[in-house]
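Engineer: Sending over a structure as structure tokens; questions will come in a sec.
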Amino acid sequence: MCIKKKCAQKNVHSAGPGISMFDRSFNHKGKMRKRILLVDDELCIRKLVGKLLQVKGYDVIVAEDGEDACIKALQYFPDIIVMDVNMDNTNGFDCALLLKMDAKTKDIPILFYSGHLTNKAMEIAKHIGVNGLLEKSFRFDELIDKISLMLEENPA
């Protein structure tokens, strides 16, 4: 089932508070959990995807727009940023460009998702340095597979 439909059907809870840069949790094997910055202006998607990522063993920090994401990326230094493209205030393109221009965040992989990925949008994302793209109608297992692959390709 796609994320949008699932979000509409469930009354989801918050993905939880952010974690400090130094407060990383560990999985059952004693390895440090990977940290994901999830950026979406739709509260329901932030909550649902955030909770699902936590269940899969990731530490999740949420941001409601690109401006919030830029601040939190510098505050928490996530292992990967999963971001909607079309948002109010600072959109995904502007945020990704700012992050890729900053020496502190330029190497953090960014996964864009959008309900409207045109060829032009994909070209711009590639030019900016975005590492991956997904249509917003993705299934959750597709998102997890893409995140896992990107983390393998960009180890911390």
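Residues in the sequence shown are numbered from 138 upward in steps of one, following my numbering. Backbone N, C-alpha and C define an ideal beta-carbon position, used for all residues, glycine too.
Using the C-alpha atoms, what's the distance from His-253 back to Ser-274?
Structural biologist: For the purposes of this step, residue 274 is taken as the residue at position 137 of the sequence shown. For the purposes of this step, residue 253 is taken as the residue at position 116 of the sequence shown. C-alpha separation (whole angstroms): 10 Å.
Engineer: With 16 other CB atoms within 10 Å as the buried threshold, where does Met-220 fall?
Structural biologist: The residue labelled residue 220 in the question sits at position 83 within the sequence shown. Buried, because 16 or more other Cβ atoms sit within 10 Å of the Cβ of Met-220.
Engineer: Got a sec, what are the start and stop residues for the beta strand (DSSP E) Ser-251 sits in?
Structural biologist: On the sequence shown, position 114 is the one that residue 251 refers to. Ser-251 -> beta strand (DSSP E) spans 247-251.
Engineer: To which residues of the same chain is Ile-198 closer than 6 Å at the C-beta, ignoring the five residues directly before and after it?
Structural biologist: Locating residue 198 in the sequence shown gives position 61, where the first residue counts as 1. Same-chain partners within the cutoff: Gly-155, Leu-174, Lys-209, Tyr-213.
Engineer: Less than 9 Å between the beta carbons of Ile-217 and Asn-291, yes or no?
Structural biologist: Counted from its first residue, the sequence shown places residue 217 at position 80. Counted from its first residue, the sequence shown places residue 291 at position 154. Yes. Within cutoff.
Engineer: Using a 10 Å radius around the Cβ and a threshold of 16 neighbouring Cβ atoms, would you call Arg-172 buried or exposed?
Structural biologist: Start at 1 with the first residue of the sequence shown, and residue 172 comes out as number 35. Buried, since its Cβ has 16 or more Cβ neighbours within 10 Å.
Engineer: Would a C-beta distance cut-off of 9 Å place Glu-279 and Ser-251 closer than the cut-off?
Structural biologist: Locating residue 279 in the sequence shown gives position 142, counting from the first residue. Locating residue 251 in the sequence shown gives position 114, counting from the first residue. Contact: no.
Engineer: Determine the closest residue to Leu-248 out of Ala-240, Leu-236, Glu-179, with distance taken between C-alpha atoms.
Structural biologist: Taking the sequence shown and counting its residues from 1, one reaches residue 248 at position 111. Comparing Cα positions, the closest option is Leu-236.
Engineer: Count Cβ pairs between the region 201-208 and the region 223-230 that sit closer than 8 Å; are there 3 or more?
Structural biologist: Between the region 201-208 and the region 223-230, the count of C-beta pairs closer than 8 Å reaches three or more; the two stretches touch.
Engineer: Whose CA, out of Thr-255, Met-287, Leu-234, Asn-228, lies closest to the CA of Gly-269?
Structural biologist: On the sequence shown, residue 269 is found 132 positions in, with the first residue counted as 1. Residue Met-287 is the option with its Cα nearest to Gly-269.
Engineer: With H, G and I counted as helix, E and B as strand and the rest as coil, what does DSSP make of Phe-159?
Structural biologist: Translated into the one-based positions of the sequence shown, residue 159 becomes position 22. Residue confidence is low: Phe-159 scores 48 on pLDDT, short of 50, so the model does not pin down where it sits. Its coordinate-derived value is still stated next. Phe-159: coil per DSSP, three-state reduction.
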